[in-house]
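Beneath this line is the structure, given in structure tokens, with notes to follow.
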């Protein structure tokens, strides 16, 4: 069993999950707040404490731990991921023909939300008021499709899939039309929608769409379609402390109060004793607090500076790239701020 | 033991011990019921009855037309039919028409009424068949509508939504509903107390020919008959004598021979004595003198006595039949009335006017039949008038009445009544306004809600609580929640889900049956039997049929016969023990609903029946035929013992409720867990559900309505109810499942305001489409000129269309897909300057002059043109309809509501990164302030959130059906299984600081509706702008770009504050300041420095007054009042 923390340490480092509310939510470890603690910021100390462990990564999702950092900074990364890492998305839709049932504006809105596979780092922002777009700031896509009757359909067919051709318009029908030298530059970039199976519209014979789209670079603050992540968030590492030995039926019940794998029973002297195995897996449902006899035997806490980040990319960029891009954005912001500061001091 | 045996009758011990089976899925009876009855079946049934049965009866009643001019001439109707709806393409060429075509082309969906007639032309007798006499608007989905019996596929071919309930009319392109009208029951004795506490009885009798109201009042212990054809109240004794009951003994025998009854009636007999009236002749003479002179129209002159006899026979208590002046039945009826009043005086049991058994509902069929009868009579009298005029004149061609049958009178009469809603029938002294309303197509629910609406005849302004309050007898028949707030509260009601309204039916077989079951005919009674304590009087539809000794047996056999199908299932029979009466009703307009029959403490419907039902072997009708289920009307319900649930069945129980949630109506049925909410909240939601936008029908995109709101991405609710499934709300939803966090955020959420997530809006939450239309007709005028549409006007230099015409096609009508801005032209129409036929002699200019009358777009925001329709309407003119579209994303000030009467406007839109998020990374779409809960007590919303959250995690929909639904405990267990908190409260991190929030946040999906009130349609401000012509003050109202009024109360504030200069500025300088010249001498207004009265300019000075003030002076002068102004220097 873990040694109970000192009271001050608990207030400084843990968020406590009470039955009716969360305690110690704010970070209080600013310099001079606690006598006997040196909270002044020090790069060396920070370097020693700071940890970043990638827990899991695949094509589109990334889970990593960020330890030893203030909530404000961690949150800044989350916010930047959501709102300030640029991507390319359909911004201008030129509808030359739309005889389908779907309204022009709704279709344009749907097209805008389709993630476009193109590395935004290779493009520039388009200038405000710029109508035409050039090879450095615009990707041109085309959607030209017409629904017809399937000549090979059997006579008594009633299924639209069999009766018609092209009656479902998918994102894969959006075709890249290179501008200028884009064909050479992005020859192997395979520009187009990330997912080919997003249903955009349904057609019936005779209806057609003839649409040209301009994708531009933008950030999620402007519109959610530019956000590179499906979501990016973090949670704090749960910490479960058993204040007493819990055994027998109680232990069994305790185990059931947490997510599977959090608490396991160990055989100690022929008795089933509960033991915290992996508190990370807990979803913090606080179920244990509903059991009157158990709630005083456990302390539910979360480590204040241990952030379990989860980043789900929309597929435009791999999630690790997104995180490093987010860091770059923050660095750029800091640098800009520093230059601003310098210019202010110079003027004085 | 003996006692016990008596209690439990002849049930065997086994039977008694058997537990009452609960039939789990008996709610499945409900879809079966709705399948055959449907939600608007009342309307359709009633209309079908009218066009198939009633119209023939009306024709029969007005069968023959004769002429005074020629006794040989006649016209006789042999038959009448209502055909299928069609439209006249060209002369005598017709083609079937679909309802949607009528909607688009602004036509009336109507069918020809044809008659077979027999008439004489000269000496020939001619029979003509299928002669049209007019057109009848056809109710959608009625038996004569093209939509009946069609499959959904065929519906879509006709551009019609298969889920549309029908039951309305299409008149001049508008969908019109004839609302259900609530009335006091006709032909029933109602004993009541007037304001002074005096007891009286009244009967409103109504037959096809006449309608009259007869009152019985008590004045100083004497009984009088009050009727508006009598100039003063007639003593009841005299009436009896006039009706042939001359002996006092006989009168008293009929009324009752109990001591107190006789004592109470004695003074009335004395009255006769005083008036010296002993014989029928004397009595008739007496009454004859009191008869109010009726308008004299032809006919042989009658003596006063004859008149009085006629009056008694046909006008007073019209509904009691009098054959060859045999007044027996009427006397007994009158005696019963007197007896009722006497008994009511004693122990004070007057009837309740608001009791729903005393109410009848009038439906479209009944109202139309009244209207048609009136028009048909008018049509016939017109024919007679023509015959009278033409026959005496000698003509070359013989008089052929067919040539004079004009169709437009009946057609226009029907169309005008339905399109204006004014039902004025002189014959019945009926003059009602607002009988019809335009079907509200804001959402599917609003249309459905309108079809079940009942409007009452009571005046809205009167402050009475009785008719407005919820009557216990309305249980299960009317929705307890769905009523508007404000002045119409409680007067406008809505039908519950399973209510059926009866139609009229034949009473001949019922009379026969009653006599066979031992009822003794009134006409064979001496009268004294009526008051025997063991004898019950049997009434049929308000008429006394006879008396019965063993009423239990009568009622029971009657019910058995009904269950066996020998009499109609809607005939009701009930006993009133206090009045010692048995009432049998077969009239139309009664409310009834089905119940499961309980026999010997066991419900008749078993699980096996339900199984057969779900397998499709059994329909709802089979349940009726096999006497498992029967209909009860309000009166019979009162006579039964109905158990709500199986476990409540006792030995006395006669019926079992099918499902308790059916006591709610359509609108209240949408609310999840309504039984957990404070009742007014459900009422509020009923009103708001009708304003929610979503989908209105599968044909919504083919409609060109004046105003239509649609949601871009409507969703089915996560928490649904049985009602939602039954009315197909899931197929035509109006709302979206929003993830709600119940917490305080930013202060922009006070007073129910909501905080919305910007990213959600970006992704399409609450996005809606607003459709409006622009209309234009191109007419042909009497002088052979016609309207023209001109192509766009080109700019002289660039040869491009001018800006106003930039969206026009070459044909002068805007092209679809274009974006229209304010003041741009949609149709470039020009009209000839001269449209009147030129006077004889004056020369017509060869080339007509044209004047531009463009149809322009007016609106602060741009629209897109969705569709242009070019067609013609009924008057052969060209009709151009343009559908305009706007897509709107929610903005600050737009109104949203959950399904629990919790409305709120959007107070702030927050970027996603600032939104709080839970451990799983979910951000709310909506943040709602928790202060909305304690005072509203909408616990249902809290449960909806829990059930919704569990449903999302589990991948299924939960039920929130009233008095049932998913249990909170089960739902919360689900949450636990998925690792969420039992109470639905999540650990949430602030998106702004990145630190956890101190409180756990109630977090989950709630179904939110976007309401039609949007800021874009309401925002208004003006600095300068148009002024009214007369007063030169700023115009009023947003539509006229009016000023914002500084009203009386605001003015009072400024006066109180002493801000006189501000007052002057607001009320005059910024409004209608005007320089006037006033003559100091005479005090009158001058003009340009000259006083016209004094003929001098010496004392004229110039000052500023409001123009309205100057106008007042001049108007006063014009009516010979001279206002004079006294001027003085203000610094002297």
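Residue numbers (UniProt numbering), protein chains in the order written: chain A, 1 to 348; chain W, 1 to 1132.
Even glycine gets a Cβ: it sits at the ideal position worked out from N, Cα and C.
All values derive from a computational prediction rather than experimental measurement.
When the alpha-carbon of residue 871(W) is set against those of 822(W), 243(W), 881(W) and 193(W), the nearest one is in 881(W). When DSSP assignments are scanned along the stretch 973-1048 of chain W, the uninterrupted stretches of beta strand (DSSP E) that are 3 or more residues long and fall wholly within it turn out to be 1001-1010. For the set 536(W), 235(W) and 760(W), the Cα lying nearest the Cα of residue 579(W) is the one of 536(W).
Cα atoms of residue 746(W) and residue 987(W): separation of roughly 19 angstroms, rounded to the nearest angstrom. Neighbours of residue 976(W) in chain A, taken as residues at a C-beta separation under 7 angstroms, are given in chain order as 285 and 287. Put simply, the CB of residue 769(W) is near chain A, with a gap under 8 angstroms to one of its CB atoms.
Separation of residue 314(A) and residue 995(W) (C-alpha to C-alpha, rounded to the nearest whole angstrom) is 26 angstroms. Boundaries around residue 725(W) are those of the alpha helix (DSSP H), 722-726, since no beta strand (DSSP E) includes it. A direct Cα-Cα distance of roughly 51 angstroms separates residue 348(A) from residue 1025(W). At the C-beta level, residue 555(W) and residue 547(W) stay beyond 8 angstroms of one another. Residues of chain A whose Cβ lies closer than 7 angstroms to the Cβ of residue 911(W) are, in chain order, 83 and 221.
Annotation: Cβ neighbours of residue 981(W) in chain A (cutoff 7 angstroms, chain order): 285 and 286. Interface criterion met: the Cβ of residue 17(A) is under 8 angstroms from a Cβ in chain W. For residue 993(W), the nearest CB of chain A lies under 8 angstroms from its own CB, placing it at the interface with that chain.
Going by DSSP, residue 248(W) is part of the alpha helix (DSSP H) stretching over 248-255. Among the residues of chain A, those whose CB is under 8 angstroms from the CB of residue 997(W) are 22 and 25, following chain order.
Taking the CA atoms as reference points, residue 36(W) sits about 44 angstroms from residue 756(W). For the set 678(W), 891(W), 819(W) and 816(W), the Cα lying nearest the Cα of residue 765(W) is the one of 891(W). Here the alpha carbons of residue 491(W) and residue 81(W) stand approximately 37 angstroms from one another. Taking a beta-carbon distance threshold of 8 angstroms, residue 947(W) does not count as an interface residue toward chain A. If you draw a straight line from the Cα of residue 238(A) to the Cα of residue 921(W), it is about 16 angstroms long.
Residue 803(W) sits in a helix when the DSSP states are folded into three classes. DSSP, reduced to helix, strand and coil, places residue 677(W) within a strand of the structure shown. Not a single C-beta of chain W is nearer than 8 angstroms to the C-beta of residue 272(A).
Looking at the DSSP output, residue 60(W) shares a beta bridge with no other residue. Looking from the CA of residue 688(W), the closest CA among 734(W), 724(W), 717(W) and 699(W) belongs to 734(W). Remark: C-beta atoms of residue 110(W) and residue 135(W) approach each other more closely than 8 angstroms. When secondary structure is reduced to three states using DSSP, residue 918(W) falls in the strand class. With contacts defined as CB atoms closer than 8 angstroms, residue 417(W) and residue 46(W) fail to qualify as a contacting pair.
If you draw a straight line from the Cα of residue 899(W) to the Cα of residue 1035(W), it is about 39 angstroms long. Per DSSP, the continuous alpha helix (DSSP H) segment holding residue 386(W) begins and ends at 364-390. At least one beta carbon of chain W lies nearer than 8 angstroms to the beta carbon of residue 224(A). Residue burial annotation: residue 710(W) is buried, with at least 16 other C-beta atoms found within 10 angstroms of its C-beta. Residues of chain W with a Cβ closer than 7 angstroms to the Cβ of residue 235(A) are, in chain order, 919.
Spatial neighbours of residue 344(W) in its own chain (CB-CB distance under 6 angstroms, excluding positions within 5 residues in sequence) are listed in chain order as 191, 199 and 350.
Residue 458(W) places its beta carbon 8 angstroms or farther from that of residue 472(W).
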